[in-house]
Amino acid sequence: MEITNQRFKHCDLLSVVGKVDSYTAPDLNKAIEAVTKEGRYKIVLDMSKLEYMSSAGFRALLVGQRICRRYNRGEIVLAAVPKKIMEALDLTGFTTLFKIFADVTLAVGNI
Amino acid sequence: MRTAIFPAAFDQLEAIREFVGQAARDAGMDDTDMDAVELAVDEACSNIIEHAYQDLQGGDIECTCDLGQNILTIALHDHGRPFDPSSLSPPDLSSDLAHRKIGGLGVFLIHTLMDEVHFEPLGKSGNVLTMTKRGKRSK
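Sequence lines, in order, name chains A and B.
For the first sequence, our numbering gives the first residue as 1, with consecutive numbering after it.
For the second sequence, our numbering gives the first residue as 1001, with consecutive numbering after it.
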């Protein structure tokens, strides 16, 4: 699993490639932490190349969202969520916790 | 019937998913049902590694797949601590961000994605979790 960060003036674009499960989820945690430790709290998560995510990944997103949304200073938004992951997010009630955009351009433009 | 034994470690989850995913395909299931099987087994094995073995080294998970026509039964046998998944609190699916509890999502997903789930603690012999998926349509 690989995560790259493209930094914009107003937000960070984290692109996740591959699979997020209990083994790789700590890397997702670390990637989000690396951004927030710099005092940046607006994150677009590009999921277009995400092949798989289990609840370990959902947990990482939840922890990150709590940090970002504190004091209304920012948020994590999801972009280009694959269908099967969207279904699991929906099932577990996660779609109410994140703004979801159809593509990265929309997400970066609206965060 | 096919069986494989995997070390109980998170880095084995990919191999475990491939093993059960192939079984689902061979049972004639479509991609949606195969995805459901892979996720449910991943969640179950993650729980086994985290709770039954509690990060002990050297344990393993014996995975048995019983294939039928568009039906698949998977049994996961561990030799870890007796673990009662019903002791986990029910998942929180609707409270707001500040109050949302993290726990129980794995068990919830297993029960939602699979058609039958049966857990049996075996005392000194560990635990067996059995789950069955009936495919929605035959290939």
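Heads up, the beta-carbon is just placed ideally off N, CA and C, and yes, glycines get one too.
Bridge partners - residue i, DSSP secondary structure assignment
{"i": "glutamine 6/A", "result": "Leu13/A"}
{"i": "histidine 1118/B", "result": "Thr1130/B"}
Residues near residue i in its chain [Cβ-Cβ closer than 7 Å; skip 5 each side]
{"i": "aspartate 1026/B", "result": "Leu1067"}
{"i": "glutamate 51/A", "result": "Gly18 and Lys19"}
{"i": "methionine 47/A", "result": "Val16, Leu78, Ala79, Ala80, Val81, Pro82 and Ile85"}
Residues near residue i by beta carbon distance below 6 Å, same chain, minus five either side
{"i": "threonine 36/A", "result": "Ile67"}
{"i": "tyrosine 41/A", "result": "Cys68, Arg73 and Gly74"}
Residues near residue i in its chain [Cβ-Cβ closer than 8 Å; skip 5 each side]
{"i": "phenylalanine 1108/B", "result": "Pro1090, Pro1091 and Leu1093"}
{"i": "phenylalanine 1010/B", "result": "Ser1046 and Ile1049"}
{"i": "leucine 106/A", "result": "Ala79"}
{"i": "aspartate 21/A", "result": "Tyr52, Met53, Ser54, Ala56 and Gly57"}
{"i": "glycine 1104/B", "result": "Leu1088, Ser1089, Pro1090, Pro1091 and Asp1092"}
First and last residue of the uninterrupted beta strand (DSSP E) at residue i
{"i": "leucine 45/A", "result": "42 to 46"}
{"i": "isoleucine 968/B", "result": "There is simply no residue 968/B to check, as chain B begins at 1001 and stops at 1139 in what is shown."}
{"i": "valine 77/A", "result": "75 to 79"}
{"i": "leucine 1072/B", "result": "1071 to 1078"}
Residue i: first and last residue of the uninterrupted alpha helix (DSSP H) it sits in
{"i": "threonine 36/A", "result": "25 to 36"}
{"i": "phenylalanine 64/A", "result": "Looking at the sequence itself, residue 64/A is glycine, so the reference to phenylalanine does not match. 55 to 69 is the extent of the alpha helix (DSSP H) around glycine 64/A."}
{"i": "alanine 1015/B", "result": "1013 to 1026"}
{"i": "threonine 1003/B", "result": "Threonine 1003/B -> not in any alpha helix (DSSP H); beta strand (DSSP E) instead, spanning 1002 to 1007."}
{"i": "threonine 105/A", "result": "104 to 110"}
{"i": "isoleucine 85/A", "result": "83 to 91"}
{"i": "glutamate 1062/B", "result": "No alpha helix (DSSP H) contains glutamate 1062/B, which is instead part of the beta strand (DSSP E) from 1060 to 1068."}
Check your understanding: Counting pairs of Cβ atoms below 8 Å between the stretch 74 to 82 of chain A and the stretch 1022 to 1040 of chain B, do you hit three or more?
Key -> no
Exercise for review: Decide yes or no for the touch test of the stretch 1062 to 1081 of chain B against the stretch 1121 to 1128 of chain B: beta carbon pairs closer than 8 Å, at least 3 of them.
Suggested key: yes
Review point. Which residues, in chain order, does the stretch 1028 to 1046 of chain B contribute to contact with chain A at a C-beta distance below 7 Å?
Key: Asp1035, Leu1039, Asp1042, Glu1043 and Ser1046
Review point. Mind listing which residues of the stretch 1106 to 1129 of chain B have their C-beta closer than 8 Å to chain A's C-betas, in chain order?
Key: Gly1106, Phe1108, Leu1109 and Thr1112
Check your understanding: Counting pairs of Cβ atoms below 8 Å between the stretch 1109 to 1125 of chain B and the stretch 1055 to 1064 of chain B, do you hit three or more?
Key -> no
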